[in-house]
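So the sequence lines, in the order shown, correspond to chains A and B. For the record, in the first sequence the residue sitting at position 10 is 10 according to this note's numbering, with numbers rising by one throughout. Adding 126 to a residue's 1-based position in the second sequence gives its number in this note's numbering. Glycine included, each C-beta is placed from N, C-alpha and C at the ideal position.
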Amino acid sequence: MRSPLGRAIGLGSAKEGLDHWWAQRITAVALVPLSLWFISAVVGLVGADLETVQNWMSLPLPAILLILLLIATFYHLSLGLQVVIEDYVHTDFAKLGFVVVIRLLCFGIAVAGIFAVVSIAVGGTS
Amino acid sequence: MRSPDRPLSPHLQVYRWQLTSVLSILHRAAGIVLGTGTILLVWWLVAAASGPEAFEGVENFLGSWLGLLLLFSWTVSLFYHLSNGIRHLVWDTGHALDLKSTYLGGWMVVAATAVLTLAAWVIGISRWVS
Numbered sequence: 001m002r003s004p005l006g007r008a009i010g011l012g013s014a015k016e017g018l019d020h021w022w023a024q025r026i027t028a029v030a031l032v033p034l035s036l037w038f039i040s041a042v043v044g045l046v047g048a049d050l051e052t053v054q055n056w057m058s059l060p061l062p063a064i065l066l067i068l069l070l071i072a073t074f075y076h077l078s079l080g081l082q083v084v085i086e087d088y089v090h091t092d093f094a095k096l097g098f099v100v101v102i103r104l105l106c107f108g109i110a111v112a113g114i115f116a117v118v119s120i121a122v123g124g125t126s
Numbered sequence: 127m128r129s130p131d132r133p134l135s136p137h138l139q140v141y142r143w144q145l146t147s148v149l150s151i152l153h154r155a156a157g158i159v160l161g162t163g164t165i166l167l168v169w170w171l172v173a174a175a176s177g178p179e180a181f182e183g184v185e186n187f188l189g190s191w192l193g194l195l196l197l198f199s200w201t202v203s204l205f206y207h208l209s210n211g212i213r214h215l216v217w218d219t220g221h222a223l224d225l226k227s228t229y230l231g232g233w234m235v236v237a238a239t240a241v242l243t244l245a246a247w248v249i250g251i252s253r254w255v256s
């Protein structure tokens, strides 16, 4: 015998669903100008050699925007992939496992990208 | 889990293809493509920080047929996910949710994707050639 409340508790998204939704939207809004800027910058760098690319990345504005792009992208990506997993993976253990792996990968790859930009920007060019 | 007796969510295969559902599926597909594309982006950044040899490796890969194909699918996906994402943000405000607007917006997204992708590649290739 379980009460209707007892059966429903812990199953819904009534606790953290809104945070997820908001974070997805806020990163989406940030990514509109950031990704348009990035693609125009990359088109401008077509055919550029390493020195040109490094010089560009060591300017404050490109470096800051690249880091913001990486943060917003990987945050947005981890939220989006989480929803994909939640929709298609139906066993709790696998679901949790995939979501954890995706989170860790997104954080790890984001840090790699941010470190690369910072190391070029602060003059560690080899 | 026991199948519930209430109606199930619609099966894709019993419905005629419609612009709205196709774009919805493509939004997710493009998001996944972009997710794999971020690995390319970070590889490029890390290579630029690592030095000439690593950077040459990325440049050679990106200039190969496979690299160009990946770059092209990445650009299409980005422009599509971006345009359709804006369409989603408009919906989130509660606007343009009627049938006519969803179709109009859908075709606008298709057109924007085509125009932006074409523009990026025409400018990119003309810079490459010159």
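Using a 10 angstroms sphere on the CB of B:Trp200, the tally of other CB atoms reaches 16 or more, which defines it as buried.
Cβ atoms of A:Gln24 and A:Leu79 come within 8 Å of each other, at about 5 Å. The alpha carbon of A:Ile67 has as its nearest neighbour, out of B:Val202, B:Phe198 and B:Leu167, the alpha carbon of B:Leu167. Using a CB distance cut-off of 8 Å, B:Thr164 counts as an interface residue toward chain A. Taking 8 Å as the threshold, the shortest C-beta distance from A:Val46 to chain B falls below it. For the stretch 242-256 of chain B, the residues whose beta carbon sits under 7 Å from a beta carbon of chain A are, in order, Ala246, Ile249, Gly250, Arg253 and Trp254.
In the three-state reduction of the DSSP assignment, A:Val89 falls in the coil class. Among the residues of the stretch 143-155 of chain B, those with a Cβ less than 7 Å away from any Cβ of chain A are Arg154, in the order of the chain. Chain B has a Cβ within less than 8 Å of the Cβ of A:Arg25. The three-state secondary structure of A:Arg25, taken from DSSP, is helix.
A Cβ of chain A is located within less than 8 Å of the beta carbon of B:Val168. The Cβ atoms of A:Ile85 and A:Ile109 do not sit closer than 8 Å to each other. For the C-beta of A:Val43, the chain B residues within less than 8 Å are, from N- to C-terminus, Ala246, Ile249, Gly250 and Arg253. B:Ala222 carries a coil assignment under DSSP once its states are collapsed to helix, strand and coil. At a cut-off of 8 Å between beta carbons, A:Val117 contacts chain B. At least one C-beta of chain B is nearer than 8 Å to the C-beta of A:Gln54. In the three-state reduction of the DSSP assignment, B:His137 falls in the coil class, being assigned neither a helical nor a strand state. Classified as exposed, B:Leu225 has fewer than 16 neighbouring CB atoms from the shown chains inside 10 Å of its CB. The beta carbons of B:Ile212 and A:Val83 sit no closer together than 8 Å. If you draw a straight line from the Cα of A:Ala48 to the Cα of B:Gln144, it comes to about 43 Å. Selection A:Val111, A:Thr73 and A:Leu96 evaluated against A:Ile26 yields A:Thr73 as nearest (Cα-Cα).
Contact fails between the stretch 230-238 of chain B and the stretch 180-191 of chain B, because fewer than three Cβ pairs, one in each stretch, are under 8 Å apart. Among the residues facing chain B, A:Leu79 is not included, as its CB has no counterpart in that chain under 8 Å away. Secondary structure in the stretch 22-88 of chain A: the alpha helix (DSSP H) runs of 4 residues or longer, each lying completely within the stretch, are 50-57 and 60-88 in chain order.
For B:Trp170, the enclosing alpha helix (DSSP H) has its first and last residue at Leu145 to Ser176.
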